[in-house]
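Undergrad: Residues -18 to -1, 1 to 139, numbered by mature numbering (1 follows the signal peptide of the UniProt record, and there is no 0), are exactly what the sequence shown covers, in order.
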Amino acid sequence: MRPILALALLAGAAPLAAGDGADPGTTHAPAPGAPVFTPSTLPYPFSTAVQVGDVLYLSGDIGVDESGSAVVPGGIEPETRRMFERIGATLAQHGLGFDDVFKCTVYLADMGEWPAFNAIYATYFEKGRYPARSAMGVSGLALGARVEMECWAYSPQ
């Protein structure tokens, strides 16, 4: 069984249709404001979010500036705030908010910045109703980011 199919089944999604691997109930969403990529300009070939059944899977996001080619300056705190703005925009694009998020995975370039990240993270969720979360230190993130986070949100169809 393919790993993505196994994850989708565990999440309660319907199995993918035979043939091209696309399920009619699966929707891929481009990144908000993302450039349209041609075969010769594919630096970021991913969907910002994919809806499978009642779960919206958000790709990892970082605190990139408006150009999309660099992270915002200032370190972990401004990057974390910008990352949450971007995740919030993706959720809103699907009619959702942070209350709909039930799982997050956090990647930190420096685990010493965990307290600073947590202080900001806690402000985006209702106290006592935090999503399940995993976190890990990593040796490198896209564009030299200090933090990246991916989320799963409940989005009944």
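Yeah, the Cβ is synthetic: ideal placement off N, Cα and C, and Gly gets one too.
Can you tell me where the alpha helix (DSSP H) holding A124 begins and where it ends?
TA: In the DSSP assignment, A124 falls outside any alpha helix (DSSP H) and carries neither an H nor an E.
Undergrad: Just to confirm before moving on: does the CB-CB distance between A114 and L78 stay below 9 Å?
TA: No; because the gap between Cβ atoms is not below 9 Å, this pair is not in contact.
Undergrad: With DSSP collapsed to three states, give me the class of R63.
TA: helix
Undergrad: Considering A101, what are the terminal residues of the alpha helix (DSSP H) in which it resides?
TA: 96 to 103
Undergrad: My guess is that A91 and L123 are in contact by the Cβ rule of under 8 Å, so how many angstroms apart are they, rounded?
TA: The distance from the Cβ of A91 to that of L123 is about 6 Å, consistent with a contact at the 8 Å cut-off.
Undergrad: Taking the Cβ atom as the reference point for each residue, do E61 and G42 lie within a distance shorter than 9 Å?
TA: no
Undergrad: Quick check on A52: does DSSP put it in helix, strand or coil?
TA: Shown here, A52 sits in coil according to DSSP, grouped into three states, outside any helix or strand.
Undergrad: Could you have a look at D70 and say whether DSSP puts it in helix, strand or coil?
TA: Per the sequence presented here, residue 70 reads as Gly, with Asp not at that position. Residue state, collapsed to three classes: helix.
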